[in-house]
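Peer 1: Chains as they are written, first to last, in our numbering: chain G, 4 to 114; chain B, 476 to 588. A virtual CB, placed ideally from N, CA and C, is assigned to each residue, including glycine. Every value quoted in this text rests on a predicted model; they were computed, and no experiment measured them. Next up is a structure, given as structure tokens.
Pasting the structure below:
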């Protein structure tokens, strides 16, 4: 069964304290892996798409990487405004193009 | 550019009533997705359309739920009759194509009393 697991469930960081969020997946092939940010009361906001192992994408303080079994979202020198829930989703390599979402990591960055 | 538009933003109804949620995707996007989000189950795909045709409805909970996409700029998700366990935030999302990133609307918070 296709599955996506995110860890940790919650993370508290001091401002400037870099860390990484993990998204591990078990799917029959991989079409794509997607990272989203979700603020309370809002819809998920698209951050990155990764398609193949070894691929990396960067945006401001965020960098996403992909291996054959997992993806990492690295947050460098985070600021309080980076506080949000970070979700990853995968599209399996067979069947329809539906996303399978993980349950997310709740990130709190303290000033 | 306007993003995905959903209405209403909040809906409070009583058990047994019919509820209709509406979505206008981003212009030019060919795929449209309906998701439900709860604390217990996270984000779950209910159904998605490609070029207005339903492709995967395996996430639709039961016959009380139905979705339509009569044209490229409008979709509805209907629940009839509604039950308290349907209370959740319902998101609509759209993408340029099935294998491209989906962009989400602000959601409709549904409360069934």
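Please classify residue 559 of chain B: does DSSP put it in a helix, a strand, or coil?
Peer 2: Along the second chain, one-based indexing puts residue 559 of chain B at 84. Residue state, collapsed to three classes: helix.
Peer 1: Along the chain, where does the beta strand (DSSP E) containing residue 544 of chain B start, and where does it finish?
Peer 2: Here residue 544 of chain B is taken as the residue at index 69 of the second chain, counted from 1. 540 to 546 is the extent of the beta strand (DSSP E) around residue 544 of chain B.
Peer 1: To which residues of the same chain is residue 15 of chain G closer than 7 Å at the C-beta, ignoring the five residues directly before and after it?
Peer 2: For this step, residue 15 of chain G is matched to residue 12 along the first chain. These residues qualify, in order along the chain: 111 and 113.
Peer 1: Can you tell which of G:85, G:40, G:24 and G:100 has its C-alpha closest to the C-alpha of residue 69 of chain G?
Peer 2: Sequence index remark: in the first chain, residue 69 of chain G carries index 66 (1-based). Closest by alpha carbon: G:24.
Peer 1: Can you find a C-beta in chain G that's less than 7 Å from the C-beta of residue 501 of chain B?
Peer 2: Here residue 501 of chain B is taken as the residue at index 26 of the second chain, counted from 1. It does not: the Cβ of residue 501 of chain B has no partner Cβ on chain G nearer than 7 Å.
Peer 1: Could you please give me the residues that DSSP links to residue 20 of chain G through a beta bridge?
Peer 2: One-based indexing of the first chain puts residue 20 of chain G at position 17. Answer is none; residue 20 of chain G lacks a bridge partner.
Peer 1: Based on DSSP bridge pairs, tell me the residues matched to residue 9 of chain G.
Peer 2: The count along the first chain starts at 1 and reaches residue 9 of chain G at position 6. Looking at the DSSP assignment, residue 9 of chain G forms a beta bridge with G:26.
Peer 1: Counting along the chain, where does the beta strand (DSSP E) carrying residue 112 of chain G start and finish?
Peer 2: As a position in the first chain, residue 112 of chain G is number 109, starting the count at 1. Unbroken beta strand (DSSP E) run through residue 112 of chain G: 108 to 113.
Peer 1: Note down, one range per segment and in chain order, each beta strand (DSSP E) of at least 3 residues found wholly within the region 72 to 104 of chain G.
Peer 2: The qualifying runs are 73 to 78, 87 to 95 and 102 to 104.
Peer 1: Against residue 6 of chain G, what residues of chain B qualify as contacts under a CB-to-CB distance less than 7 Å, listed in chain order?
Peer 2: If you number the first chain from 1, residue 6 of chain G lands on position 3. The premise fails here: residue 6 of chain G is roughly 12 Å from chain B at the closest Cβ pair, so nothing lies under 7 Å.
Peer 1: What's the gap between the Cα of residue 9 of chain G and the Cα of residue 517 of chain B?
Peer 2: Here residue 9 of chain G refers to the residue found at position 6 of the first chain. Here residue 517 of chain B refers to the residue found at position 42 of the second chain. Each residue's Cα considered, the two are about 12 Å apart.
Peer 1: What residues in its chain sit with their C-beta under 6 Å from that of residue 556 of chain B, if we drop five residues either side in the sequence?
Peer 2: In the second chain, the residue the question calls residue 556 of chain B occupies position 81. Same-chain partners within the cutoff: 491.
Peer 1: Using a Cβ-Cβ distance cut-off of 7 Å, determine whether residue 32 of chain G contacts chain B.
Peer 2: The residue you call residue 32 of chain G lines up with position 29 of the first chain. No, residue 32 of chain G lies away from the interface with chain B (no Cβ there is under 7 Å from its Cβ).
Peer 1: Looking at the unbroken beta strand (DSSP E) that takes in residue 512 of chain B, where does it start and where does it end?
Peer 2: Taking the second chain and counting its residues from 1, the one referred to as residue 512 of chain B is at position 37. Its beta strand (DSSP E) spans residues 506 to 513.
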